[in-house]
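One structure is given here, and the rest of the page talks about it.
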Amino acid sequence: MKILEALTDTNIGGAGILLATRCAYLDRSKYEVTIVLPKGSQLKERFERLAIDVIEIDACYDRSFEGRSIPKWIAVLKRIRPELVNCHGCLSCRIAARLCHVPVLVDTRHCAFPPRKWQTRFPGKYFLGWGMRMLSDQTIAVADAAKQNLLEMGGDPHRIRVIINGAEAIFPMGEEEKRKTRERLGIPNHAIVVGMFARLEAYKGHACFLRAASLLIKKNPNFRFLIVGDGSMADALKKEAGRMGIKEYTLFTGFACDVAPLWNITQIQVNCSVGTETSSLALSEGMSLGIPAVASNFGGNPYMIRDGENGFLFPMDQHEILAERIESIAGDPLLYLRLSKGARRRFEQELNAQRMTEETEALYDALLLSKGYRSRG
Numbered sequence: 455m456k457i458l459e460a461l462t463d464t465n466i467g468g469a470g471i472l473l474a475t476r477c478a479y480l481d482r483s484k485y486e487v488t489i490v491l492p493k494g495s496q497l498k499e500r501f502e503r504l505a506i507d508v509i510e511i512d513a514c515y516d517r518s519f520e521g522r523s524i525p526k527w528i529a530v531l532k533r534i535r536p537e538l539v540n541c542h543g544c545l546s547c548r549i550a551a552r553l554c555h556v557p558v559l560v561d562t563r564h565c566a567f568p569p570r571k572w573q574t575r576f577p578g579k580y581f582l583g584w585g586m587r588m589l590s591d592q593t594i595a596v597a598d599a600a601k602q603n604l605l606e607m608g609g610d611p612h613r614i615r616v617i618i619n620g621a622e623a624i625f626p627m628g629e630e631e632k633r634k635t636r637e638r639l640g641i642p643n644h645a646i647v648v649g650m651f652a653r654l655e656a657y658k659g660h661a662c663f664l665r666a667a668s669l670l671i672k673k674n675p676n677f678r679f680l681i682v683g684d685g686s687m688a689d690a691l692k693k694e695a696g697r698m699g700i701k702e703y704t705l706f707t708g709f710a711c712d713v714a715p716l717w718n719i720t721q722i723q724v725n726c727s728v729g730t731e732t733s734s735l736a737l738s739e740g741m742s743l744g745i746p747a748v749a750s751n752f753g754g755n756p757y758m759i760r761d762g763e764n765g766f767l768f769p770m771d772q773h774e775i776l777a778e779r780i781e782s783i784a785g786d787p788l789l790y791l792r793l794s795k796g797a798r799r800r801f802e803q804e805l806n807a808q809r810m811t812e813e814t815e816a817l818y819d820a821l822l823l824s825k826g827y828r829s830r831g
C-alpha cells in the first residue's frame with residue numbers, strides 16, 4: 455500500500471525523529487512510504503539514509519497552513535496517488551488530501567498544551583470539532599494529554615487513538631569508552647552527571663534546571679550538568695549559568711548528531727517542560743539505558759514517569775523540589791538501582807520503537823481494510 459507522510463519541520467525535532475524511527479521499523483513488504491518535507495529540511499538526509507523516498511515541496515516551512523500551498527500539495531498527491539496520508543501538523547496537506555479524495559486520511563497530534571478559551575466553548579469548539587471530523591478519518595495522539603486537548607476542542611473520542619511515542623534503544627558503552635567521553639568533555643570520573651536532552655526553548659524549562667543546579671552545587675560540587683540541544687534560548691541560558699556562578703559545572707553541548715556517548719555518561723535525566731510535552735523521546739531513550747528521571751508534572755510526563763518506580767515527578771517550575779529529587783536519587787545507591795531497573799522495564803514494556811510501529815501498522819491496516827483495501831504483505 456502507498457503511504458504518504460507529510461511533515462512541515464525544517465529542523466530536526468521530536469516529530470521528525472519519531473517518524474524516522476517508525477520508518478526504520480516499518481514492514482517494507484506491506485508499505486511503500488513517501489515522505490514529503492519542505493525544501494532544505496534538515497530531516498531529508500535522515501530519511502534518505504533509511505532508503506525512504508523523499509519529496510521536497512516549496513511550501514509550509516514550519517507552518518501548518520498556507521492557502522497558496524494547497525495546489526502544490528494536490529500536485530504531489532496526484533503524482534503519488536497514496537491510499538493513506540498521515541499529516542504531522544500540516545493542515546494544508548489535509549485539505550489537499552480531502553480534495554483529492556485520498557481513501558484514508560490520518561493526522562498525528564504531537565503536542566499538548568492548554569487550549570485557549572475560545573477553542574473549548576461554543577461556537578469555537580463546535581467548528582473545531584467539525585473541522586477535525588471533516589479533515590481526518592483518525593487522529594493519532596502521541597500521549598493521553600494530547601488526546602485530552604483534542605477532546606476539549608470538540609474532537610470525537612471514537613476517532614482519536616493514543617499511540618505512545620517509542621524510541622530506539624541507546625547502545626550501552628563499556629566503562630573505558632565512558633571514561634574517554636568524560637575526559638573529552640572535561641568531566642571528572644567521580645562526578646555525578648545530570649543530563650537534560652531538549653531543545654533550548656522557554657517551554658522546555660531550562661531556567662528551572664539551572665536554578666536547581668545552583669542549589670545542588672552549593673551542597674555538592676561533584677555534580678555536573680549536561681545540557682544537550684540547541685535553540686533560541688542558548689545564549690541567554692549560557693549567560694544565566696555564568697551569572698549564577700555555575701558555568702564551570704554546566705556543559706552546553708549544542709545539537710548532537712550522535713547522542714549515545716552523552717547518554718552513556720548520564721546518571722540522572724531531567725525533564726522540566728512547562729509546555730507542549732507529550733511522550734518525550736528523550737525520556738524513553740534514557741530509560742532504555744536504565745537512567746532514572748526527574749520530570750515535571752506537565753503534559754504527558756506523568757504517564758511516562760511513574761513516581762517512585764522509574765523516577766520522580768516534581769511540580770512544574772519548582773526548582774527546589776527538583777533539586778531535592780535529584781539529590782535523593784544521587785545519594786541513595788539502593789534507590790538508584792530500583793529506579794534504574796524500573797526505567798529499563800518501562801522502556802521494554804511500552805516505550806520502545808517496535809511497539810509503537812506495530813500499533814501504528816495495525817491502525818493503518820484497520821483503516822485501509824475499512825475502505826476495502828488490503829495490504830499486500
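Be aware that the sequence shown starts at 455, since it is given in the working numbering, and climbs by one per residue. The beta carbon of each residue, even a glycine, is placed where N, CA and C say it ideally should be.
Item checked: First and last residue of the uninterrupted alpha helix (DSSP H) at Ile524 -> Ile524 to Ile534
Item checked: Residues sharing a beta bridge with Gln592, DSSP -> Val560
Note to self: Let me see if you follow: with CB-CB separation under 8 Å, is Val487 close to chain B or not?
What the structure shows: Checking the listed chains, one finds no chain B in this structure; it contains a single protein chain.
Check: When you compare only the Cα positions, how much space is there between Ala690 and Ile489?
Finding: 35 Å
Margin query: Starting from Pro492, trace the beta strand (DSSP E) in both directions and tell me its first and last residue.
Written below: Glu486 to Pro492
Check: In its own chain, which residues sit with a C-beta less than 6 Å from the C-beta of Ile624, not counting the 5 before and 5 after it?
Finding: Ala714, Trp717, Glu739, Ser742 and Leu743
Notebook entry, point to check: Exposed or buried, Asn643, counting other C-beta atoms within 10 Å across all chains shown (16 or more means buried)?
Noted result: exposed
Next item on the list: Look at the alpha carbon of Glu637 and the alpha carbon of Thr707, and state the distance between them as a whole number of angstroms.
Entry: 14 Å
Checklist line | Close Cβ partners of Tyr580 (< 8 Å) along its chain, the five nearest in sequence each way excluded | finding: Gly608
Note to self: Tell me the DSSP secondary structure of Gln723 in three-state form.
What the structure shows: strand
Notebook entry, point to check: If you count every other CB in all the chains shown that lies within 10 Å of the CB of Met758, and 16 or more means buried, which is it?
Noted result: buried
Check: Is Ile617 closer than 8 Å to Thr814 when the C-beta atoms are compared?
Finding: yes
Check: Hey, out of Ile700, Ala777 and Ile466, whose CA is closest to Arg501's CA?
Finding: According to the sequence provided, residue 501 is Phe. The question's Arg does not apply to it. Closest option to Phe501, Cα to Cα, is Ile466.
Next item on the list: Could you round the C-beta distance between Ser483 and Ala513 to whole angstroms and report it? I think they count as a contact, below 8 Å.
Entry: Not quite, the Cβ-Cβ distance comes to about 32 Å (not below 8 Å), so this is no contact.
Note to self: Just list the residues that DSSP pairs His542 with in beta bridges.
What the structure shows: Leu461
Next item on the list: Whole angstroms is fine: what's the gap from Ala710's alpha carbon to Ala652's?
Entry: 11 Å
Notebook entry, point to check: Nearest-angstrom Cα distance between Glu622 and Pro577?
Noted result: 43 Å
Margin query: Cutting at 8 Å between CB atoms, please list the residues of its own chain near Leu832, excluding the five before and the five after it.
Written below: Nothing can be reported for residue 832: it is not among the residues displayed for the chain, which extend from 455 to 831.
Check: For the 8 Å Cβ check, are there 3 or more pairs between the segment 745 to 754 and the segment 773 to 783?
Finding: yes
Margin query: I need the boundaries of the beta strand (DSSP E) containing Met627, first residue and last residue.
Written below: First-last for Met627: undefined, no H or E at that position.
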